[in-house]
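Numbers in this note's numbering are just positions in the sequence shown, counted from 1, shifted up by 10. Note that the Cβ used here is the ideal one computed from N, Cα and C, for glycine as well.
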Amino acid sequence: MSFNGKYVLESQENYKEFLEAIGVSKVEVANEDMVTDIYQGAYYSITKYMGGDSVTHTFMLNREAELEDLDGTTFKTTVRLEGGKIKIQFPKYVYTAEVSGDKLTEINSIPNGITNKMVSKRQAV
């Protein structure tokens, strides 16, 4: 399934609780109007627009990449594609993303803790 597209947030679960658990204030990362752009080619590019801010992650699968966490710190990790899902190990949680039809489902999971789920709908071109 292709990840390419622009997705607008439709629903979310446990967002505030997730941010509190990883030590980021909701004020720092407002996502009520979150838009996610994904480009899939030789490189993947995921850009999240949240309020007036944005963050872009660019990476190749199975190669080390430098990414930015929600609190603005950078870290190195290897992004994988497992079972059709993008999987990124952040310092405090695991992020997965998968596309089914016109829906993008993103899961942020803290080991032995809170799970945040966001569902976004692909916009027509």
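Determine the burial state of residue i: buried for a count of at least 16 other Cβ atoms within 10 Å of its Cβ, exposed for fewer.
i, result
"Ser137", "Absent from the structure is residue 137, since the part of the chain shown begins at 11 and ends at 135."
"Gly15", "buried"
"Lys26", "exposed"
Ends of the beta strand (DSSP E) at residue i?
i, result
"Lys97", "95 to 99"
"Ile124", "No beta strand (DSSP E) contains Ile124, which DSSP labels as neither H nor E."
"Leu80", "Leu80 -> no beta strand (DSSP E), and no H or E assigned at all."
"Asp43", "Where Asp43 is concerned, there is no enclosing beta strand (DSSP E), given that its DSSP letter is neither H nor E."
Pop quiz: residue i and residue j are said to be a contact at Cβ under 8 Å. What is the actual Cβ separation, rounded to whole angstroms?
i, j, result
"Thr106", "Ile96", "7 Å"
"Ser130", "Val18", "6 Å"
"Thr46", "Ser55", "About 11 Å separates the two Cβ atoms, so there is no contact after all."
"Thr88", "Arg73", "7 Å"
"Ile120", "Ala31", "6 Å"
Could you spell out the range, first to last residue, of the alpha helix (DSSP H) harbouring residue i?
i, result
"Lys26", "25 to 32"
Can we count residue i as close to the ligand HEM, meaning its CB is less than 7 Å from some heavy atom?
i, result
"Ser12", "Absence of the ligand HEM from the depicted structure is noted, as is the absence of any ligand whatsoever, leaving it without description."
So if DSSP puts residue i in a beta bridge, which residue, or which two residues, is it bridged to?
i, result
"Leu91", "Ile96"
"Ser64", "Tyr59"
"Lys86", "Glu76"
"Ala107", "Ile96, Glu116"
"Lys131", "Val18, Lys113"
"Tyr137", "The shown model of the chain, from 11 to 135, leaves out residue 137, and the question about it has no answer."
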